[in-house]
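Peer 1: I'd like to ask you about the structure that follows.
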Amino acid sequence: MAAKTIARRRTPVPPNAGGPSHTNADGVSDLSDRLEDKITQLTALLWSSHGDGTRWGETEALRYIDRVFWLSWQMADEIEALFQQCTAEWQARLEALKPN
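Just so we're aligned, residue 2 is where the sequence shown starts under the working numbering, counting upward by one.
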């Protein structure tokens with residue numbers, strides 16, 4: 002049986018996705034899409050560890066919970082960084098729309 006995929010990107014990611022420019026071919030920012038993907042991944046991770054009623058043995062549970070917290074912290078950190086980038090981009094767009 003194949004492993005369950007919790008979350009994945011909706012479209013292929015270009016090689017420069019981690020670079021300073023985060024726009025698609027139409028020139029539209031994909032920062033919001035990346036932020037949404039990270040939030041979905043974090044939600045799926047946390048739900049899979051507790052939301053489906055999973056019960057683990059005592060030793061397994063401690064190792065598993067440590068890993069879940071580590072992954073959750075890492076994803077939350079990435080979400081915060083993406084949110085800051087989105088906020089800066091949204092502010093720049095608002096400034097560009099203001100009349101001189």
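For glycine and all other residues, C-beta sits at the position ideal for the given N, C-alpha and C.
#1: For K39, does the three-state DSSP call read helix, strand or coil?
#2: Given a cut-off of 9 Å, decide if Q86 and L47 are closer than it, judged by their beta-carbon atoms.
#3: How long is the line joining the alpha carbons of W71 and L95, rounded to whole angstroms?
#4: DSSP three-state label for D31, please.
#5: Using the Cα positions of S73 and K39, report the straight-line distance between them to the nearest angstrom.
#6: Any idea if R68 is buried or exposed, counting beta-carbon neighbours within 10 angstroms, 16 or more meaning buried?
Peer 2: Based on what the coordinates show:
#1: Counting from one through the sequence shown, the residue named residue 39 turns up at place 38. DSSP, reduced to helix, strand and coil, places K39 within a helical segment of the structure shown.
#2: To locate residue 47, count along the sequence shown from 1; it is residue 46. To locate residue 86, count along the sequence shown from 1; it is residue 85. Against a cut-off of 9 Å, the Cβ pair of Q86 and L47 comes out as no contact.
#3: Translated into the one-based positions of the sequence shown, residue 71 becomes position 70. Translated into the one-based positions of the sequence shown, residue 95 becomes position 94. W71 and L95: Cα-Cα distance of roughly 36 Å.
#4: The residue given as residue 31 occupies position 30 in the sequence shown. Assigned with DSSP and collapsed to three states, D31 falls in coil, not helix or strand.
#5: Position 72 of the sequence shown, counting from 1, holds the residue named residue 73. Position 38 of the sequence shown, counting from 1, holds the residue named residue 39. Cα-Cα distance, rounded: 10 Å.
#6: Here residue 68 refers to the residue found at position 67 of the sequence shown. Looking at its Cβ environment, which holds fewer than 16 other Cβ atoms inside 10 Å, R68 is exposed.
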